[in-house]
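Novice:
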Ligand code: PGA
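In my numbering, the protein residues as written are 852 to 1134.
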């Protein structure tokens, strides 16, 4: 009982510190391009993914948006071929932390780079849940991606239970700090993208409120400044929101101040919806 109280006290102390930080966080990334990443998850066969990529390649993408398409490993090459020359970027949904060797079933950063991937999603809550990915595993993957010219999209987010106990700020702060522990800063041409995706907000749940997203993004940006300094944050990092993003709500999440784009699951599977999301971010 005594122990439970002291843990509770520690958490609420951290929460207060986190809330204080959230108010003090500088706004350092205002005028940069938005990032919109399409996470197709495990929803499409290779022919279906190829067809969707073909439709994507005909979209009118606003100049204010950097778009990243993340199909399954099996569809990376045909999707790359369809989007070649369009300005759309290729991303993978995962990467292994080791770089070479006897790791059956895994895919390395060099393998991804060699087929033209620039981004990689790391630590999605579905991988944390279904494949037991811990913050330590996530950290090794982010480290490897940054060391191999890939731009990680590191996913963080709290469960509904953590939010209802008001531990969400603490949980996400811990995921960010552990996920980025000792990683090198992004180099020229690389970005470090953090996607705040509350688990309860991912469809069929959610979405979160814009206030939830802005508050957390503000705090994450502050943590990034602490880790890398303002210049790196301004030039090479982005914070996204993810969780049931639609054409109707995307504009309420992306404020350019703390939320610099979105990670889209369900609505990235229909080109009309995804294109409407991109166009809502036209400046
Ligand atoms: P959703 O998925 O847009 O379908 O909620 C987002 C994600 O899990 O990346």
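The beta-carbon is built from N, C-alpha and C at its ideal position, and this holds for glycine as well.
Who pairs with residue 921 in a beta bridge, going by DSSP?
Specialist: 890.
Novice: Would you call the CB atoms of residue 965 and residue 1048 closer than 8 Å?
Specialist: No.
Novice: Who are the near neighbours of residue 947 in its chain, counting only those whose CB is closer than 7 Å to its CB and skipping five residues on each side?
Specialist: If we look at residue 947 and ignore the five residues flanking it on each side, its Cβ neighbours are 954, 957, 958 and 959.
Novice: Alpha helix (DSSP H) containing residue 943: first to last residue?
Specialist: Note, residue 943: premise wrong, no alpha helix (DSSP H); beta strand (DSSP E) at 940-943.
Novice: Quick check: is any heavy atom of the ligand PGA less than 7 Å from the C-beta of residue 1117?
Specialist: True, at least one ligand heavy atom lies under 7 Å from that Cβ.
Novice: Quick check: residue 1069 and residue 1089, are their CB atoms within less than 8 Å of each other?
Specialist: Not a contact, by the Cβ cut-off of 8 Å.
Novice: For residue 1132, which residues of its own chain have a beta-carbon under 8 Å away from its beta-carbon, when the five flanking residues on both sides are left out?
Specialist: Closer than 8 Å at the Cβ level, and outside the excluded window around residue 1132, lie 885, 887, 913, 915, 916, 1101, 1102, 1105 and 1112.
Novice: Taking the alpha carbon of residue 1074 as the reference point, which residue from 1026, 1118, 1050 and 1117 has its own alpha carbon closest?
Specialist: Checking every option, the nearest Cα to that of residue 1074 belongs to 1026.
Novice: Return yes when at least one heavy atom of the ligand PGA lies under 7 Å from the C-beta of residue 912, else no.
Specialist: Not under cutoff, so the answer is no.
Novice: Which same chain residues, not among the five before or five after residue 868, have their C-beta less than 7 Å away from its C-beta?
Specialist: Confidence at residue 868 is low in this model, with a pLDDT of 47, below 50, so its placement is unreliable and no value can be given for it.
Novice: Going straight from the alpha carbon of residue 968 to that of residue 1018, what length do you get?
Specialist: Computed Cα separation, rounded: 35 Å.
Novice: Leaving out five residues on either side along the sequence, give the residues of the same chain with a beta carbon under 8 Å from the beta carbon of residue 1120.
Specialist: Excluding positions up to five away in sequence, the list reads 891, 894, 895 and 903.
Novice: Determine the extent of the beta strand (DSSP E) in which residue 900 is found, giving its start and end residues.
Specialist: Where residue 900 is concerned, there is no enclosing beta strand (DSSP E), although the alpha helix (DSSP H) it sits in stretches over 897-908.
Novice: Sorry if obvious, but does the Cβ on residue 1054 come closer than 7 Å to a heavy atom of the ligand PGA?
Specialist: Flag set: Cβ of residue 1054 near the ligand PGA.
Novice: Look up residue 995 in the DSSP assignment and give the residues it is bridged to.
Specialist: Beta-bridge pairing links residue 995 to no other residue.
Novice: For the ligand PGA, I want to know if residue 1008 counts as a neighbour, meaning its beta carbon is within less than 7 Å of at least one of the ligand's heavy atoms.
Specialist: No, Cβ of residue 1008 sits at least 7 Å from all heavy atoms of the ligand PGA.
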